[in-house]
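Since the structure comes first, as structure tokens, the remarks are kept for the end.
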Amino acid sequence: MADNSHGSPDTSVTVATPGQGGVDTFTNPGLPPHRPRLADTDPRAEKRAERQVALLFFISVLGTLLFFFAYFFIPLNDTIERLRLQNLALGLGTAFAMLGIGVGIVHWAKTLMPDHELTEERHAVTDEKDRAEAEQIVGTILDESGIKRRPLIRNTLIGAALLAPLPAIAIFRDLGPLPGDALKHTFWDAGMRLTRDPSGTPIKASDVTVGSAFHVIPEGLNEAENKLEEKAKAVVLLMRLDPESLNPSEGREDWGYDGIVAYSKICTHVGCPVALYEQQTHHLLCPCHQSTFDLEQECKVIFGPAARPLPQLPIDVDDEGYLIARSDFQEPVGPSFWERG
Amino acid sequence: MKALSQRRRHPLAAIALLLMALLMVGAIYSAASSANQAQAQTESFSANDAEEGEKLFAANCASCHGLGASGSSAGPSLVGVGAASVDFQVGSGRMPLQMDGPQAQVKPVQFTEEQTRQLAAYVATLGAGPAIPDEEILDASEGDPANGGELFRVNCAMCHNAAAAGGALTRGKFAPSLEGSSEKHIYEAMVTGPQNMPVFNDANISPEDKQDVIAFLKTIEEQGSPGGADLGSLGPVSEGLFIWVAGLGVVIAFTVWLTSRSS
Amino acid sequence: MSSSTAINAYQPKTRVGRVTNFVDSRVGGSGMVKEFGRKIFPDHWTFMFGEVALYTFVILLISGTFLTFFFDPSMAETHYEGSYLPLRGVEMSVAYASSLDISFDVRGGLFMRQVHHWSALLFVAANAVHMLRVFFTGAFRRPRELNWVVGTTLLIMGLAAGFTGYSLPDDLLSGNGLRIIDGVVKSIPVIGTYISFFLFGGEFPGTAIIGRLYVLHILLIPAVILLLIGIHLFMVVIHKHTQYPGPGRTNTNVVGYPVGPVYAAKAGGFFFIVFGIVAAISAAFTINPIWNYGPYDPSPVSAGTQPDWYIGWVDGALRLMPGTVGSNWDFEWNIPFPWGVNTLSLNVLFPALVPAGIVFTLMLAWPWIESWVTKDKREHHLLDRPRNAPTRTAVGVAGVVFYCVMWAAASSDLIATHFLVSLNDVTYWLRILVIVGPVIGFMIARRVALALQRKDREIALHGRETGRIVRLPHGEFIEVHEPVDEYKRYQLVSFESPEAYAPVADGNGHVSRSEKLRSRASRFFFEDRVAPVTPSELHASHSGHHGEIANTQDRESIASH
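Line order of the protein sequences matches chains A, B and C. Final position of the first sequence in this note's numbering is 562; the numbers increase by one with none missing. Final position of the second sequence in this note's numbering is 283; the numbers increase by one with none missing. Final position of the third sequence in this note's numbering is 587; the numbers increase by one with none missing.
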């Protein structure tokens with residue numbers, strides 16, 4: 222409390238700061254005079270306040286009763302309306318039960334308990350003498366342990382203490398398998414049919430009219446062992462555009478079929494499904510962070526936080542007219558990762 | 021029936037029978053194949069409807085869509101869009117367009133039902149396209165809301181929101197809330213793909229599945245939220261806004277009361 | 027103290043005394059009562075937000091315990107057979123099915139879910155407002171710096187508790203939230219992919235994550251929060267509460283109401299009030315309608331997929347970051363190393379780490395930054411009114427603006443649809459605002475604070491404007507000013523207004539670089555300052571500007587005409 226000399230009402234009151242001198246300041250006038258409340262002077266007001274508090278506690282009792290009534294006598298009958306009514310009644314019952322007690326107690330405190338403000342002196346958190354003593358004690362402890370005099374003991378202990386927690390980290394190794402190249406391929410394979418999500422029925426090229434969009438999963442995915450993990454990488458959006466408006470780059474001319482193209486639905490930003498297809502502008506929009514991809518430029522990013530085009534799934538048509546994949550994706554789908562390369 | 025049986029040995033009976041058989045096969049085929057195109061065109065328009073429609077079109081629509089609905093720089097060609105498209109765009113008040121903008125806005129319907137029907141009849145004569153759906157397939161009570169819900173989440177929720185409250189598209193466009201949309205307009209929107217909405221033809225989502233989707237939408241619309249007011253079904257944003265404004269507002273009101281001196 | 031002599035010496039006369047005697051002679055509670063029974067707490071409405079946070083946490087423990095009895099954190103597949111029709115027969119995880127059962131088939135379950143979630147939102151909001159109050163009034167200064175650090179840690183733990191809870195129902199919304207987390211984790215260089223695989227027990231989504239988050243959510247994080255709350259309150263008791271400056275209040279006293287009965291009644295009653303408010307909200311307003319979203323499936327997503335409000339700013343930062351610049355340059359770098367090419371995805375890593383890093387680092391370091399600049403190492407128990415510390419207030423406002431722009435960005439799609447503007451334009455504007463906004467906010471807040479100080483000066487010197495216009499005998503019009511009483515005046519003049527200082531040379535007469543920097547920073551802090559009114563100024567104003575003060579003499583002269 223070395224710097225605590227300022228602020229006491231009997232000396233200078235405002236704080237002495239460099240440049241201000243602390244001489245020409247107002248003195249603290251002390252607490253303003255106490256103003257009595259209505260309930261302090263008027264016995265009728267006091268009585269009224271007392272009744273109000275009791276009434277509030279009574280409202281709380283009614284609230285509790287309402288809760289029990291709602292719980293036992295509003296049976297749920299599979300309709301949403303009934304559930305809504307029960308929820309409302311349970312909630313309002315609880316609210317009245319709680320607010321009745323709370324408002325009642327506070328009203329009691331405000332109107333009937335003494336409202337004179339009291340003053341208490343602050344004390345220093347600790348005494349400086351104590352601090353010095355504590356320092357001395359710690360010094361003695363360290364001294365008697367000899368840790369300062371025996372660096373060999375100290376250093377080996379530090380080494381041991383640094384190493385000892387490592388097993389606690391290592392033991393978490395089995396939380397999961399190593400990534401391997403799991404992220405680099407998907408469920409898709411050459412010749413696999415494109416099927417509707419979620420039914421898994423195959424899609425004919427003639428089904429896909431201009432302007433339409435199909436949400437696609439690979440054939441057999443619904444029966445796969447790790448269905449959700451595979452689906453999280455394999456989902457595809459299938460669209461048909463006027464072939465004129467597609468501008469495939471060299472080597473990708475035959476990845477579509479007569480204006481039908483298939484792109485990974487997993488955003489290259491952080492992996493939300495990019496499923497918003499604007500059939501007139503030919504833009505794909507991610508609803509999570511608004512990355513926008515242009516189908517006319519092979520799903521190049523034209524807006525938003527994604528940095529990389531959506532991977533395209535090369536497709537073809539089999540003998541029966543069903544759409545099939547020519548191969549797996551040619552690059553990893555979804556968000557980037559360190560080993561992506 | 022007697023007259024019919026008497027003529028069964030008529031020399032032309034075989035030909036008539038053959039014709040009838042052909043007609044029946046044709047009818048079955050057309051019914052079967054049109055199920056794959058769009059719902060069968062059950063609403064038959066008279067020639068008079070189309071004529072009246074043409075007049076209305078010339079007076080109200082041709083300035084943008086061109087004479088004969090062949091399109092102009094101000095509006096697309098309507099050849100082949102089908103009666104469903106007209107019924108949706110005009111019947112929901114989107115057309116005629118009030119002003120240029122990112123997309124057509126819903127506003128009070130400008131034509132009577134009769135006029136809308138006539139316009140649809142006229143546009144339907146210009147080229148084959150999705151027809152106005154049948155009453156039967158629009159009956160939400162016949163659909164399976166659970167299947168509809170799954171289809172809605174996969175095909176629709178990314179734009180229209182899982183609770184059909186609507187969502188944003190690029191550059192001022194948006195997918196509207198579906199609350200209050202009629203069964204017919206929902207169906208027509210799916211088959212025609214208005215504005216930037218993709219087309220969900222019957223090969224993609226069958227008419228029965230579309231009925232399920234409608235059943236799902238009508239179920240969640242009618243039942244409302246079990247937890248009370250739904251705050252627009254907009255998700256965590258409206259919840260956060262609510263707790264900051266209303267929740268903390270009430271809390272602050274109580275703290276001020278609690279720390280003020282009683283009079 | 028329980029020796030036989032003590033028992034004989036003290037013979038309780040009242041019933042309360044007998045109970046006290048019983049307890050004290052066995053566990054020694056009278057020391058506690060002596061210490062706390064009449065301890066003084068200052069009373070002000072802005073001091074209540076910490077209590078709101080504490081009480082909502084208690085409500086969270088109560089409602090959360092109820093929920094654990096019915097929730098099953100398993101990701102095994104099941105088919106829903108509960109009473110919610112639009113999901114019946116749908117394939118989903120056990121976790122989601124049990125969340126639906128809590129909502130639809132356990133009586134009061136929906137109410138408890140809503141109580142739990144609404145109080146979680148209120149808990150973090152109250153934490154945030156409490157910290158803003160502490161910051162803007164300077165309550166973090168010595169000796170309370172460490173408690174400020176504990177409080178900041180509590181806020182961070184609150185965010186962790188909220189996020190782990192948000193993910194538990196395994197619905198479409200929370201699943202997509204986890205997917206975003208997975209994408210962010212994968213962007214971490216070198217170890218990101220491994221962390222992702224360890225976190226999810228393999229590839230996303232796996233079958234492990236809900237159970238793991240559940241343990242964190244109901245055991246580890248609440249335990250840490252409880253421990254920190256204990257430390258936090260212990261330090262409040264040690265330091266005693268701060269108080270606003272005013273007549274009768276000094277840096278060495280504390281003015282207010284005794285714990286027993288007034289303060290205890292108010293604080294205790296307030297718990298019931300907060301509970302009542304949360305219950306009323308939960309009765310009438312839906313929160314997190316998990317039945318709308320459906321089970322998690324990696325293919326669908328809902329428009330308006332957002333995190334709860336407190337994570338919103340990080341999501342907003344992810345949205346604001348451009349991934350590409352121009353048509354040929356992007357923030358995903360493929361860096362060739364001798365062993366092969368590795369990918370650094372700065373468009374994800376930067377917005378996920380940097381804004382939150384800046385905000386929390388500055389928050390944690392601020393007490394020391396400020397005391398280094400101001401050279402003020404004294405103990406402070408009197409608060410600053412925000413206007414009397416213009417630069418600190420401005421820094422706080424800049425931080426709030428920075429935060430709020432990112433927060434707004436998390437709802438850019440809803441801003442677009444509800445105000446009929448383009449989503450892209452909203453993003454462009456917010457990208458500009460997130461850089462420019464804090465600067466503008468800083469300048470405006472500092473000017474407003476200084477202007478308010480000047481207004482205080484005017485009032486202290488010349489009194490309050492009454493709005494009465496009076497014509498004096500010689501024809502001059504004046505507005506009558508009512509002088510403020512000495513209590514009010516003391517409130518307006520009792521503040522410190524430090525001045526900027528010149529660099530001070532050390533013992534060798536050398537002015538170090540850090541000292542120069544410090545002096546520059548102090549100029550930045552205190553260059554514009556408004557000094558409090560001094561008695562001599564007040565005296566001068568009374569005698570100098572006679573006409574402006576409606577002193578007794580003037581009043582008499584006005585009355586006589």
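Using N, Cα and C, we set each Cβ at its ideal position, and we do this for glycine too.
Same chain only: Cβ atoms within 8 Å of F550 of chain A, ignoring 5 sequence neighbours per side: H406, T407, W409, S485, P532, Q533, L534
By a C-beta neighbour count over all protein chains shown, 10 Å radius and 16 as the cutoff for buried, is H510 of chain A buried or exposed? buried
Measure the C-alpha to C-alpha separation of L442 of chain A and Q130 of chain B and round it to an integer number of angstroms. 49 Å
What residue does the beta strand (DSSP E) around M460 of chain A start on, and which one ends it? 457-461
For the putative contact between A527 of chain A and H490 of chain A, defined by C-beta atoms under 8 Å, what is the C-beta separation to the nearest angstrom? 4 Å
Using the rule of at least 16 other Cβ atoms within 10 Å of the residue's Cβ for burial, across every protein chain shown, is V437 of chain A buried or exposed? buried
Under a Cβ-count criterion, where at least 16 other Cβ atoms within 10 Å of its own Cβ denotes burial, should V45 of chain C be classed as buried or exposed? exposed
By DSSP, does I487 of chain A sit in helix, in strand, or in coil? strand
Spatial neighbours of L467 of chain A in its chain, beta-carbon cut-off 6 Å, leaving aside the 5 residues before and after: none
Could you pull out every unbroken beta strand (DSSP E) segment of at least 3 residues lying fully inside the region 453-517 of chain C, listed in chain order? 490-497, 503-508
The alpha helix (DSSP H) that contains I235 of chain C, what's its start and end? 235-241
For the candidate residues C:F97, C:L409, C:N360, C:L113, whose alpha-carbon lies nearest to that of D299 of chain A? C:L113
Per-residue DSSP class, three states only, for M85 of chain B: Checking the displayed sequence, the identity of residue 85 of chain B turns out to be His instead of Met. Looking at H85 of chain B - three-state DSSP - the assignment turns out to be helix.
Contiguous beta strand (DSSP E) assignments of at least 3 residues, all confined to the region 132-196 of chain C: none
Per the DSSP calculation, K521 of chain A is bridged to which residue(s)? A:D515
At which residues does the beta strand (DSSP E) containing N360 of chain C begin and terminate? 358-363
For the alpha helix (DSSP H) holding I240 of chain B, just list the boundary residues, first then last. 227-243
Rounded to whole angstroms, what's the CA-CA distance from E170 of chain B to H258 of chain C? Just pull it up for me. 48 Å
Any C-beta of chain B under 7 Å from that of I299 of chain C: yes
Would you say R258 of chain A reaches chain B, if we count a Cβ-Cβ gap shorter than 7 Å as a contact? yes
Exposed or buried, W365 of chain C, counting other C-beta atoms within 10 Å across all chains shown (16 or more means buried)? exposed
So, A426 of chain A versus G525 of chain A, is the Cβ gap smaller than 7 Å? no
Quick check: is the beta carbon of Q501 of chain A nearer than 7 Å to any beta carbon in chain B? yes
Tell me the rounded alpha-carbon separation between V346 of chain A and F363 of chain C. 57 Å
A576 of chain C to R411 of chain C span [Cα, whole Å]: Note that A576 of chain C scores 45 on pLDDT, short of 50, meaning its location in the model is unreliable and no value can be drawn from it.
Chain-ordered residues of the region 168-179 of chain B with a beta carbon less than 7 Å from chain C: G169, E170, R173, V174, A177, M178, C179
Tell me, please, whether the region 352-363 of chain C touches the region 311-322 of chain C by the rule of three or more beta-carbon pairs shorter than 8 Å. no
Out of curiosity, what's the CA-to-CA distance linking Y513 of chain C and L313 of chain A? 45 Å
Report yes or no: do the region 188-202 of chain C and the region 212-220 of chain C share at least 3 C-beta pairs separated by less than 8 Å? no
Residues, ordered as in the chain, of the region 425-441 of chain A that lie near chain B by beta-carbon distance below 9 Å: K425, S427, D428, V429, T430, V431, G432, S433, A434, F435, H436
Below 7 Å between beta carbons is the criterion; list the residues of the region 327-345 of chain A that meet it against any residue of chain B, in chain order. V327, K331, T332, D336
Nearest-angstrom beta carbon gap, G467 of chain C and V423 of chain C [assumed within contact, 8 Å]: 5 Å
Using CA coordinates, which residue listed in C:L518, C:M469, C:V462 is at the minimum distance from G489 of chain C? C:L518
CB contact below 7 Å: T212 of chain B versus chain A: no
Mind checking which residues open and close the alpha helix (DSSP H) that includes E414 of chain A? Going by the sequence as given, residue 414 of chain A is Arg instead of Glu. Premise fails: R414 of chain A is in no alpha helix (DSSP H) and is neither H nor E.
Under 6 Å Cβ to Cβ from E552 of chain A, same chain only, skipping five residues before and after it: list those, please. P532
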